[in-house]
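The structure appears right after this line, and notes come after that.
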Amino acid sequence: MIRRNIFSQGDEQFRLEVAAFLDGEIAPRYASWVEAGRVPREAWRKAGDAGLLCRTAPRSHGGRAASFLESVVIAEELGKRRFSGFLTFLQSDIVAPYFVRLATDEQKAAFLPGLCSGEKVGAIAMTEPRSGSEVAQMRTTISKADGTFVLNGHKTHISNGFTADVVLVAGRTDATAPDGDARLSLLIVETGQKGVKRSPIAKSGMQALDTCELIFQDCEVPKTRLLGAEGQGLLYLFTFLGLERLMLAIYAQASAIAILRELILFCHGRKTSTGTILDHQTTYSRLADLYSDCCVNQAFIDTCIVEQMQGRHDPRSSSIAKLRASEVLKSIALLAIQFRGAQGISGETGERATQDMIDSCVQSIWGGASEVLRDAIGKSLVNCV
Ligand SMILES: Cc1cc2nc3c(=O)[nH]c(=O)nc-3n(C[C@H](O)[C@H](O)[C@H](O)COP(=O)(O)OP(=O)(O)OC[C@H]3O[C@@H](n4cnc5c(N)ncnc54)[C@H](O)[C@@H]3O)c2cc1C
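If you're matching positions, the sequence shown starts at 5 in the working numbering and goes up one per residue.
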């Protein structure tokens with residue numbers, strides 16, 4: 005792969021530590037989590053003890069004030085191993101930043117230390133059965149009664165939702181606002197409270213990832229649990245979606261490179277009467293295309309990472325990064341079945357290859373489906389010429 009110059013020696017040392025933790029603590033247990041459909045709480049605590057959660061959060065709230073590059077390293081090492089159930093970056097780089105940037109001191113003190121230590125698991129709930137891509141059309145309502153908010157609604161496909169202690173829930177504070185002009189707000193909801201029902205969703209992709217339905221029925225949330233300003237929820241979601249998409253791009257890219265590398269080695273090792281499968285022009289030219297795509301994507305993602313660190317983050321670039329990385333990943337995962345022949349769908353190798361294929365489809369759906377990203381990028385084209 006291309007030479008990358010964004011990491012320091014310290015980051016590379018940290019990469020070795022992350023790899024050792026994942027290979028030593030996670031890999032031996034991962035198959036049982038696939039079976040269970042979720043990661044046990046103990047694993048979150050261990051990740052917290054190892055300092056792998058919310059590293060960029062301030063020290064005053066349990067984090068390590070680390071560089072964003074350390075978040076990148078963790079996401080890459082997870083992606084390389086395709087540990088799709090144990091998406092620590094969901095907690096560290098998708099949920100925690102809402103607290104760091106928007107929460108009051110009291111809210112930070114109540115939740116951030118637990119998210120950093122792994123004592124608490126966090127989730128974010130936007131998607132509803134009838135509004136996934138169309139975030140602004142959500143139907144969950146947040147009404148006001150004496151001193152509290154009352155939450156009613158149905159969220160679906162919420163990652164870590166069944167395990168989560170705390171969920172950031174988006175809902176409409178102004179139920180009379182016309183669709184598309186939703187006055188959304190964000191609430192910090194503790195899942196142990198009355199009015200919260202949860203049920204796991206059985207799924208064929210990302211099998212170890214806890215994915216859950218959340219139903220809120222007259223769920224009373226103290227007014228002190230409003231995150232940020234009332235009515236600004238949509239602005240917050242779209243602002244933070246940029247970082248979410250960049251993290252998903254980083255994860256997808258690392259998975260793509262790992263699957264491609266394994267495939268090249270397979271093709272090189274699979275003998276034919278005249279050499280190996282890799283000697284066929286139809287094989288190597290296709291692999292060359294995908295390798296080139298990976299190189300170009302990596303350079304683009306690294307540019308986005310640097311811009312994120314410099315606070316010059318551009319949400320459209322994150323959309324491009326996620327679109328490209330997840331679509332190339334999908335092409336590689338499909339070819340990883342095709343070029344293995346029957347082995348691509350049988351035995352242990354086939355099981356891995358077909359799981360990679362299904363998981364890669366998830367990656368071009370979650371955090372904004374590819375078509376939605378194309379739509380958003382396409383509509384902004386007139387401003388970039
Ligand atoms: C494993 C997993 C984990 C998830 N985790 C979370 C989470 O933690 N929190 C959360 O809130 N959500 C989560 N989601 C939900 C995810 O963000 C949504 O699935 C995604 O946004 C798509 O919404 P949808 O499934 O409702 O599809 P729909 O909105 O019904 O779209 C279906 C398809 O229609 C097409 N389409 C839709 N809109 C357009 C458009 N404008 N232009 C062109 N084509 C379009 C696309 O092909 C799209 O895939 C998760 C999903 C999965 C699969």
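All C-beta atoms, glycine included, are put in the ideal place defined by N, C-alpha and C.
Using the Cα positions of GLY235 and LEU241, report the straight-line distance between them to the nearest angstrom. If you number the sequence shown from 1, residue 235 lands on position 231. If you number the sequence shown from 1, residue 241 lands on position 237. Each residue's Cα considered, the two are about 12 Å apart.
Sub-8 Å separation of CYS58 and CYS120 beta-carbons: Within the sequence shown, the letter at position 54 stands for residue 58. Within the sequence shown, the letter at position 116 stands for residue 120. Yes. Within cutoff.
Cutoff 6 Å; reference ASP97; Cβ partners in own chain excluding five residues on either side: On the sequence shown, position 93 is the one that residue 97 refers to. So the list reads SER75, MET251, once near-sequence residues are dropped.
Taking C-beta to C-beta, are GLY165 and ALA127 nearer than 8 Å? Here residue 165 is taken as the residue at index 161 of the sequence shown, counted from 1. Here residue 127 is taken as the residue at index 123 of the sequence shown, counted from 1. Yes, the pair counts as a contact, with Cβ atoms nearer than the cut-off.
At the level of alpha carbons, what is the spacing between ALA40 and ALA212? For the purposes of this step, residue 40 is taken as the residue at position 36 of the sequence shown. For the purposes of this step, residue 212 is taken as the residue at position 208 of the sequence shown. Answer to the nearest angstrom: the Cα atoms are 7 Å apart.
Proximity below 8 Å, CB of ASP169 to CB of THR195: Position 165 of the sequence shown, counted from the first residue, corresponds to residue 169. Position 191 of the sequence shown, counted from the first residue, corresponds to residue 195. Contact flag set, yes.
Strictly by DSSP, which residues pair up with PRO226? On the sequence shown, residue 226 is found 222 positions in, with the first residue counted as 1. Beta-bridge pairing links PRO226 to THR152.
Given a cut-off of 8 Å, decide if SER322 and ARG249 are closer than it, judged by their beta-carbon atoms. Position 245 of the sequence shown, counted from the start, is the residue given in the question as residue 249. Position 318 of the sequence shown, counted from the start, is the residue given in the question as residue 322. Yes, the Cβ-Cβ distance between ARG249 and SER322 is below 8 Å.
C-alpha distance - THR145 paired with VAL376, whole-angstrom precision: Here residue 145 corresponds to residue number 141 of the sequence shown, with the count starting at 1. Here residue 376 corresponds to residue number 372 of the sequence shown, with the count starting at 1. Distance between the alpha carbons of THR145 and VAL376 is about 25 Å.
Per-residue burial, LYS334 [other beta carbons within 10 Å of its own, 16 or more giving buried]: Translated into the one-based positions of the sequence shown, residue 334 becomes position 330. Buried, by the Cβ-count rule.
When you compare the CB positions of ALA253 and LYS159, do they come within less than 8 Å of one another, or not? Working through the sequence shown from its first residue, we reach residue 253 at position 249. Working through the sequence shown from its first residue, we reach residue 159 at position 155. No. Outside cutoff.
Whole-Å CB distance - LEU56 paired with PHE25, under 8 Å assumed: For the purposes of this step, residue 56 is taken as residue 52 along the sequence shown, with counting starting at 1. For the purposes of this step, residue 25 is taken as residue 21 along the sequence shown, with counting starting at 1. About 7 Å separates the two Cβ atoms, so the contact holds.
Does the beta carbon of GLY210 fall short of 7 Å from some heavy atom of ligand 1? The count along the sequence shown starts at 1 and reaches residue 210 at position 206. Looking at the sequence itself, residue 210 is Met, so the reference to Gly does not match. Under cutoff, so the answer is yes.
Bridge-paired residues (DSSP) for ILE146: Within the sequence shown, numbered from 1, the residue matching residue 146 stands at position 142. Answer is LEU155.
For the pair the stretch 350-367 and the stretch 290-304, tell me if three or more CB-CB distances fall below 8 Å. no
Which listed residue (GLY89, ALA260, LYS148, GLN342) has its alpha carbon closest to that of CYS271: Taking the first residue of the sequence shown as position 1, residue 271 is located at position 267. Among GLY89, ALA260, LYS148, GLN342, the Cα nearest to that of CYS271 belongs to GLN342.
Once the 5 residues before and after VAL389 are set aside, which same chain residues still bring their CB inside 6 Å of it? The residue given as residue 389 occupies position 385 in the sequence shown. Excluding sequence neighbours, VAL389 sits near nothing in its chain.
Cβ atoms of SER135 and ARG143: under 8 Å apart, would you say? Walking along the sequence shown from the start, residue 143 turns up at place 139. Walking along the sequence shown from the start, residue 135 turns up at place 131. Result yes, Cβ atoms of ARG143 and SER135 sit closer than 8 Å.
My output table needs one value for VAL43: the three-state DSSP class, helix, strand or coil. On the sequence shown, residue 43 is found 39 positions in, with the first residue counted as 1. Coil, per DSSP.
Any idea if MET5 is buried or exposed, counting beta-carbon neighbours within 10 angstroms, 16 or more meaning buried? For the purposes of this step, residue 5 is identified with residue 1 of the sequence shown, where counting begins at 1. Flag for MET5 reads exposed.
When we look at the beta-carbon of THR180 and count the other beta-carbons within 10 Å, is it buried (16 or more) or exposed? Here residue 180 refers to the residue found at position 176 of the sequence shown. Exposed, because fewer than 16 other Cβ atoms sit within 10 Å of the Cβ of THR180.
Could you tell me whether the Cβ atoms of LEU264 and CYS299 are closer together than 8 Å? Within the sequence shown, numbered from 1, the residue matching residue 264 stands at position 260. Within the sequence shown, numbered from 1, the residue matching residue 299 stands at position 295. No, Cβ-Cβ distance for LEU264 and CYS299 is not below 8 Å.
What residue does the beta strand (DSSP E) around LEU190 start on, and which one ends it? As a working note, residue 190 is residue 186 in the sequence shown. Here the beta strand (DSSP E) through LEU190 covers 187-194.
Answer yes or no: do GLU331 and SER368 have a C-beta to C-beta separation smaller than 8 Å? The count along the sequence shown starts at 1 and reaches residue 331 at position 327. The count along the sequence shown starts at 1 and reaches residue 368 at position 364. Cβ distance < 8 Å, so GLU331 and SER368 count as in contact.
Buried versus exposed, by CB contacts within 10 Å (16 or more), LYS207: Sequence index remark: in the sequence shown, residue 207 carries index 203 (1-based). Its Cβ having fewer than 16 others within 10 Å, LYS207 is exposed.
Could you tell me if ILE336 is buried or exposed, where buried requires 16 or more neighbouring beta carbons within 10 angstroms of its beta carbon? Within the sequence shown, numbered from 1, the residue matching residue 336 stands at position 332. The residue is buried, with at least 16 neighbouring Cβ atoms inside 10 Å.
Once DSSP output is grouped into helix, strand and coil, what is the label at GLU132? Here residue 132 refers to the residue found at position 128 of the sequence shown. Three-state DSSP puts GLU132 in a strand.
For ARG86, count neighbouring C-beta atoms within 10 Å of its own C-beta (all shown protein chains included) and say buried if the count is 16 or more, exposed if not. Position 82 of the sequence shown, counted from the start, is the residue given in the question as residue 86. Under this definition ARG86 is a buried residue.
At the level of alpha carbons, what is the spacing between ILE324 and ALA149? As a working note, residue 324 is residue 320 in the sequence shown. As a working note, residue 149 is residue 145 in the sequence shown. Rounded to whole angstroms, ILE324 to ALA149 spans 43 Å at the Cα level.
Counting only the same chain and skipping the five closest in sequence on each side, list residues whose C-beta sits under 8 Å from that of ILE381. Working through the sequence shown from its first residue, we reach residue 381 at position 377. Same-chain partners within the cutoff: ARG320, SER323, ILE324, LEU327.
In whole angstroms, what is the alpha-carbon distance linking ARG45 and GLU311? For this step, residue 45 is matched to residue 41 along the sequence shown. For this step, residue 311 is matched to residue 307 along the sequence shown. Cα to Cα, the separation comes out at about 34 Å.
Roughly how many angstroms lie between the CA atoms of SER12 and PHE103, to the nearest whole one? Residue mapping note: residue 12 aligns to position 8 of the sequence shown, counting from 1. Residue mapping note: residue 103 aligns to position 99 of the sequence shown, counting from 1. Computed Cα separation, rounded: 28 Å.
Sequence-distant residues of its chain with Cβ nearer than 8 Å to ASP178 (five each side left out): Start at 1 with the first residue of the sequence shown, and residue 178 comes out as number 174. Answer for ASP178: ALA186, ARG187, GLY235, listed in chain order.
Residue nearest to LYS50 in terms of C-alpha spacing, selected from ALA174, ILE10, LEU294, VAL125: Within the sequence shown, the letter at position 46 stands for residue 50. The shortest C-alpha separation from LYS50 is found at VAL125.
Out of LEU338, GLY232, HIS65, GLY209, state which residue places its alpha-carbon closest to the alpha-carbon of ALA174. Taking the first residue of the sequence shown as position 1, residue 174 is located at position 170. The residue with the shortest Cα to Cα distance from ALA174 is GLY232.
Is GLN285 buried or exposed, if buried means 16 or more other CB atoms sit within 10 Å of its CB? Numbered from 1 along the sequence shown, position 281 holds the residue referred to as residue 285. So GLN285 counts as exposed.
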